[in-house]
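So the structure is just underneath, and the comments pick up after that.
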Amino acid sequence: MFWKFLDDLNFVARCRKYNIGIWQCPNFLFLVMGIMNIAVMFATYAISQHYYSDTVTIIAVSFVAAIILVIGSFVIRGVERIAEANIMKSEFISIISHQLCSPLSAIKWNLEILESEGDGDRLFSEKQRMFLDNIKKANEIMLKLVNDLMELIRIDQGSSVIENKEINLADLAKEVMKYLESVRAAKNVSLILDAKENVPPVFADPKKIKIIMENLVGNAIKYSNEGGTVEIKVYPEGQKVFFQVADHGIGIPKYQHGRIFQKFFRSNNISRYRTDGVGIGLYLVKAILKYFNGKVWFESEENKGSTFYVSLPAYKK
Ligand code: ADP
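According to numbering that gives the first Met the number 0, the residues represented by the sequence shown are 0 to 316, in order.
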């Protein structure tokens, strides 16, 4: 608490972080306003003690109010600049993502056509097939990043379109496993699905639930060791349906558990392993689940592994 307060006072670092001038930086301006308020209270007190005149006191107070008003307008302009920069950043990400989406999708379709044409093994040598797989994997990683960024913008702008349907989480999990096949194979990780027979459906948007599953299963593969195992479970409990993903990988340091769902957060141990990622997957998972009254939480121990749990209300017809 105390350190956070001290950190708040370090306005130079804060203003630098926002990349704006000191006279546009709300942290600095609020500090100036605070100091001025205190100074003015003493000054007004001293003046009124000295002159015993209402007029002098009124002039002093009005003068101070005018200065506070001017500083207030600077604060507003500073906040506006930060807000404008935020809008521009979102627009920039949105434009770039849309521009990248079409060519990346075209590469994906063309690769699929190439693969499906004739007898694949006779068409390509083993070496060529390996290169094709590498291209496919790299393309999938880029497509996922672009799709996640577009979803992030939609969620932050509140412009997500939700099309709910009755869905079976076990079927969706199978689709996601198929989609992540090349990523799984590249790391030689075993994916095991344990889906109970009597799982009731949930009422949600399959595209959004797929984003959740792709991120959780994708992370479990990504943060597993080579040749590891990832277990996916789908089961009912009470009035809810659970989707669970467990890995035995690098885990998350305990002191960073509280920050794991924050936008762009990546835990410290990750940089050592040089995995791809930008830290928006789990933020999306949590944000998307809010649309469907769902919840996400996890258990994790460094170097032992992580288990992520998702619960969604079972659909009653
Ligand atoms: P990304 O994986 O792109 O970095 P995410 O938002 O999906 O972003 O995850 C945020 C962070 O949470 C990751 O960088 C990683 O530090 C940690 N994390 C998520 N899932 C796992 C997992 N299964 N095992 C270990 N760490 C994980």
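Just so you know, even glycine gets a beta-carbon here, dropped at the ideal spot from N, CA and C.
{"Asked": "Residues near C14 by beta carbon distance below 7 Å, same chain, minus five either side", "Found": "I21, C24, N26, F27"}
{"Asked": "Three-state class that DSSP yields for I231 in the structure shown", "Found": "strand"}
{"Asked": "Cβ shell of N268 (< 8 Å), same chain only, five flanking positions each side left out", "Found": "I249, G250, I251, P252, E301"}
{"Asked": "beta-carbon F242 near the ligand ADP non-hydrogen atom, thresh 7 Å", "Found": "no"}
{"Asked": "Contact check, N214 vs L113, beta carbons under 8 Å", "Found": "no"}
{"Asked": "DSSP-derived helix/strand/coil call for F73", "Found": "helix"}
{"Asked": "Residues surrounding the ligand ADP [beta-carbon distance to nearest heavy atom under 6 Å]", "Found": "N214, N218, A219, Y222, D246, G248, I249, G250, I251, I259, F264, R265, S266, I269, G276, V277, G278, I279, G280, L281, Y282, S305"}
{"Asked": "Under the three-state DSSP convention, the category S299 falls into", "Found": "strand"}
{"Asked": "Own chain partners of A219 with C-beta closer than 6 Å, once the 5 adjacent residues on each side are dropped", "Found": "V229, V244, D246"}
{"Asked": "Local conformation of Y308 per DSSP, three classes", "Found": "strand"}
{"Asked": "Of the residues K164, H49, A59, the one placed nearest K316, counting alpha carbons only", "Found": "K164"}
{"Asked": "For I231 and A172, believed in contact at Cβ under 8 Å, the rounded distance", "Found": "6 Å"}
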